[in-house]
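Structure, as structure tokens:
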Ligand code: PMP
Ligand code: GLN
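Residue numbers (UniProt numbering): 5 to 387.
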């Protein structure tokens with residue numbers, strides 16, 4: 005294995021899902037829903053396969069999906085993207101993240117990431133030969149947030165990019181307009197490009213609204229927006245995503261992506277285009293149902309002795325393990341399947357400064373209510 009990848013072992017998601025299968029534990033680790041999304045969308049994919057839509061689609065994606073994505077960005081965020089030159093279809097958000105980093109970061113460039121970070125960011129920054137600089141999110145008044153001074157201090161003359169994931173995995177924070185303004189100001193001042201990972205763009209709770217960084221003054225022209233179909237439509241196995249950005253950035257993404265995957269799966273693209281146009285009401289129901297599952301899991305975790313932070317978005321709750329007498333979330337997560345028959349994700353693996361997240365584990369609530377209830381009942385064994 006090349007030196008630059010040696011710090012990366014197996015991803016925590018693979019390790020913990022394998023542990024769940026091996027032990028028969030309830031998997032509240034890896035974030036995937038246990039119900040598939042809108043039936044008419046599933047039928048579109050099945051029909052596309054049976055109708056023969058099974059050969060290579062165009063490299064940038066089928067025009068119908070690029071148009072649907074442009075329509076969604078316009079309707080939801082008031083931003084115009086040219087489907088021909090400013091929208092590009094990828095194999096999930098993961099390929100978008102990879103291609104954006106490989107196409108935009110030179111070896112030695114610095115990339116700012118908020119920690120805890122989604123694990124592919126660190127791996128792809130390393131593959132690009134770039135250097136990550138972390139800004140730590142810390143709990144403050146019930147949600148994880150950052151210190152603007154720490155963000156400013158992370159910028160150096162070598163900084164090229166900043167990765168912004170909101171709604172944020174794994175903390176559940178949705179950045180406020182004020183927080184995004186801080187980020188935007190730093191980008192404008194230091195001429196940085198922002199890569200925004202918006203895969204949870206629809207999954208916000210209570211009255212919290214997701215704001216796309218690209219809508220802030222001076223940001224559309226320096227932002228690479230990434231999203232995908234997996235979370236919005238409960239089909240994480242479809243691996244269909246997209247990038248929206250000014251043409252020079254899309255060119256950079258395309259130049260890399262054409263040699264990584266060449267193109268993404270055909271039948272899911274048409275089905276996703278249909279869903280983006282027609283299934284808004286379904287997504288709104290998903291959002292409401294996830295909000296009530298969030299509250300159900302939080303009540304259960306609190307009753308089992310954890311202290312929790314109520315996430316504003318995503319699939320995930322952060323649970324503080326100290327009230328139960330534990331200190332190390334990684335140790336607890338590895339023991340949890342045997343001790344309680346439940347799998348969770350240790351938050352510390354998403355930090356460079358692991359101590360900042362040592363006492364948290366992440367539980368997913370994108371599961372049926374009976375699954376959540378059964379997991380909570382088992383977790384009472386920890387007390
Ligand atoms: N970014 C974040 C923050 C995620 O949680 C995930 C997992 N869904 C991804 C990217 C990857 O998305 P996809 O499955 O579309 O590649
Ligand atoms: N995004 C999901 C999570 O955070 C799954 C990630 C993965 O399996 N790579 O749990």
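The beta-carbon is built from N, C-alpha and C at its ideal position, and this holds for glycine as well.
Taking only the alpha-carbon atoms, compute the straight-line gap between residue 330 and residue 242 and give it to the nearest angstrom.
If I take the Cα positions, the gap works out to 38 Å.
Taking 8 Å as the threshold, find out whether the segment 202-222 comes into contact with the segment 64-74 through three or more Cβ pairs.
The segment 202-222 is not in contact with the segment 64-74.
Would you list the one or two residues that DSSP bridges to residue 248?
Residue 248 is bridged to 91, 229.
In three-state DSSP terms, what is residue 383?
In this structure, residue 383 counts as helix in the three-state DSSP scheme.
DSSP three-state call for residue 145: helix, strand or coil?
If DSSP states are grouped into helix, strand and coil, residue 145 belongs with coil.
Looking at the strands, I want to know which residues DSSP matches up with residue 169.
The partner list for residue 169 (beta bridge, DSSP) reads 201.
List, from N- to C-terminal side, the beta strand (DSSP E) runs of 3 residues or more that fit wholly inside the segment 95-138.
Listed in chain order, they are 114-119.
Let me know if residue 3 comes out buried or exposed under the rule of 16 or more other beta-carbons within 10 Å of its beta-carbon.
What is shown of the chain runs 5 to 387, which leaves residue 3 out entirely.
DSSP puts residue 59 in a beta bridge; with which residues?
None, per the DSSP bridge assignment.
Can you check whether the CB of residue 337 is closer than 8 Å to the CB of residue 349?
Yes, these two residues count as a Cβ contact at 8 Å.
Beta carbon of residue 149, beta carbon of residue 177: below 8 Å?
Yes.
In whole angstroms, what separates the C-alpha of residue 363 from that of residue 129?
The straight-line gap from Cα to Cα measures roughly 26 Å.
For my contact list, residue 182 and residue 308 are in at a C-beta cut-off of 8 Å; report their separation, rounded to the angstrom.
At roughly 35 Å, the Cβ-Cβ gap does not stay under 8 Å, so residue 182 and residue 308 are not in contact.
How would you write the range of the alpha helix (DSSP H) that residue 316 sits in, first residue to last?
Counting along the chain, residue 316 falls outside any alpha helix (DSSP H), and DSSP gives it neither H nor E.
Measure the C-alpha to C-alpha separation of residue 358 and residue 297 and round it to an integer number of angstroms.
Answer to the nearest angstrom: the Cα atoms are 29 Å apart.
From residue 105 to residue 132, what does the alpha carbon distance come to, in whole angstroms?
Approximately 7 Å, taken between the alpha carbons.
So which of 162, 159, 202 has the shortest CA-CA distance to residue 179?
Residue 202 is the option with its Cα nearest to residue 179.
What separation, rounded to the nearest whole angstrom, lies between the Cα atoms of residue 42 and residue 7?
Rounded to whole angstroms, residue 42 to residue 7 spans 44 Å at the Cα level.
Should residue 9 be labelled buried (16 or more other beta-carbon atoms within 10 Å of its own) or exposed?
Counting Cβ neighbours within 10 Å, residue 9 comes out exposed, since fewer than 16 surround it.
Quick one: complete alpha helix (DSSP H) runs, 4+ long, within the segment 21-55?
Entirely contained in the segment 21-55, the alpha helix (DSSP H) runs reaching 4 residues are, in chain order, 43-54.
Is the closest heavy atom of ligand 1 to the C-beta of residue 201 under 7 Å?
Yes, the beta carbon of residue 201 sits closer than 7 Å to at least one heavy atom of ligand 1.
Using only the alpha-carbon positions, how far apart do residue 16 and residue 353 sit?
Rounded to whole angstroms, residue 16 to residue 353 spans 8 Å at the Cα level.
With respect to the alpha helix (DSSP H) encompassing residue 344, which residues constitute its N-terminal and C-terminal limits?
Looking at the DSSP string, the run of the alpha helix (DSSP H) that includes residue 344 is 333-344.
Would you say the beta carbon of residue 405 comes nearer than 7 Å to a heavy atom of ligand 1?
Since the first and last residues shown for the chain are 5 and 387, residue 405 lies out of range.
In terms of DSSP beta bridges, what is residue 368 paired with?
Beta-bridge pairing links residue 368 to 320.
Could you tell me if residue 31 is buried or exposed, where buried requires 16 or more neighbouring beta carbons within 10 angstroms of its beta carbon?
Under this definition residue 31 is a buried residue.
Mind checking which residues open and close the alpha helix (DSSP H) that includes residue 276?
Taken as a continuous stretch (DSSP letters only), the alpha helix (DSSP H) holding residue 276 covers 270-282.
Residue 108 and residue 165 - do their beta-carbons sit closer together than 8 Å?
Closer than 8 Å, so yes.
Here's a check: name, in chain order, each residue in its chain whose Cβ is nearer than 7 Å to the Cβ of residue 327, leaving out the five neighbours to either side.
Cβ within range, chain order: 309, 310, 311.
Going by DSSP in three states, residue 164 sits in which element: helix, strand or coil?
In the structure shown, residue 164 sits in a strand (DSSP, three-state: E or B).
Look at the Cβ atom of residue 236, then the Cβ atom of residue 245, and state whether they are nearer than 8 Å.
Not closer than 8 Å, so no.
Cβ of residue 312 versus every heavy atom of ligand 1: is any distance shorter than 7 Å?
Every heavy atom of ligand 1 is 7 Å or more from the Cβ of residue 312, so no.
Give me the Cβ distance between residue 61 and residue 267, rounded to the nearest whole Å; I'm assuming they're in contact under 8 Å.
Contact flag correct, Cβ pair sits at about 6 Å.
Does the structure place the segment 41-60 close enough to the segment 271-289 that three or more beta carbon pairs sit under 8 Å?
Verdict: yes, contact present.
Check residue 327 in the structure and name its three-state DSSP category.
It is helical.
Looking only at C-alpha atoms, which of 156, 356, 344, 146 sits nearest to residue 382?
If we check each option's Cα against that of residue 382, 344 comes out closest.
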